[in-house]
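**Q** Quick note: the sequence shown, position 66, residue 63 per my numbering, numbers continuous.
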Amino acid sequence: MRFMCIVKHSEAAPIEPPQALFEAINQLGGDAAKAGCVKVGQGGLLPTAEGARITLKGGKIGVTDGPFAEAKEVIGGFAIFQAASKAEVVKWSLRFMELHKQHMPGWDGTCEIRQMFGEGDEPCGSAAKARETEAAV
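1) Can you give me the start and stop residues for the beta strand (DSSP E) that Ser7 sits inside?
2) Helix, strand or coil: which one does DSSP assign to Phe19?
3) Under a three-way DSSP split, which group does Lys69 fall into?
4) Where DSSP assigns a beta bridge to Thr107, which residues make up the other side?
5) Out of curiosity, what's the CA-to-CA distance linking Val60 and Met101?
6) Report yes if the C-beta distance between Gly38 and Ala76 is below 8 Å; otherwise report no.
7) Pair every Cβ in the stretch 105 to 120 with every Cβ in the stretch 5 to 14, then say whether three or more of these pairs are closer than 8 Å.
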């Protein structure tokens, strides 16, 4: 199963985390891979001032350049893991947040874990139940 870990924090958080954090995260990724939880992608995101938003509302599409004043918390980065279970990804994400606590004192943020679905993925959660119900009919 694939899981995306979405890291959110205040827009005011430092743009460039310390090098020691990057090194610790790389070590964590190696440890996770040895345990069977393989990171298949990761990345950080620049501030919203560098971005744009495209919205569809009331049948109209609009583009708004950043920064986004109403954003209290922004997505600062992500990682995608191939793992046997959500519990496994939770375990490694807790260690990830501990590294932030250690290397970026005062940093506040969240790591949201979401199971992914797409071509080749097993159905999960309510999507799996819906497919099972459809198949039974």
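Glycine included, each C-beta is placed from N, C-alpha and C at the ideal position.
**A** Reading off the structure:
1) Within the sequence shown, residue 7 is the residue found at index 10, counting from 1. Arg(-1) to Ser7 is the extent of the beta strand (DSSP E) around Ser7.
2) Mapped onto the sequence shown, residue 19 falls at position 22. Phe19 carries a helical assignment under DSSP once its states are collapsed to helix, strand and coil.
3) Here residue 69 corresponds to residue number 72 of the sequence shown, with the count starting at 1. It is coil, neither helix nor strand.
4) Within the sequence shown, the letter at position 110 stands for residue 107. Beta-bridge pairing links Thr107 to Lys5.
5) Within the sequence shown, numbered from 1, the residue matching residue 60 stands at position 63. Within the sequence shown, numbered from 1, the residue matching residue 101 stands at position 104. Looking at the two C-alpha atoms, the distance is approximately 34 Å.
6) Walking along the sequence shown from the start, residue 38 turns up at place 41. Walking along the sequence shown from the start, residue 76 turns up at place 79. In contact: Gly38 and Ala76 (Cβ atoms closer than 8 Å).
7) They touch, by the three-pair rule.
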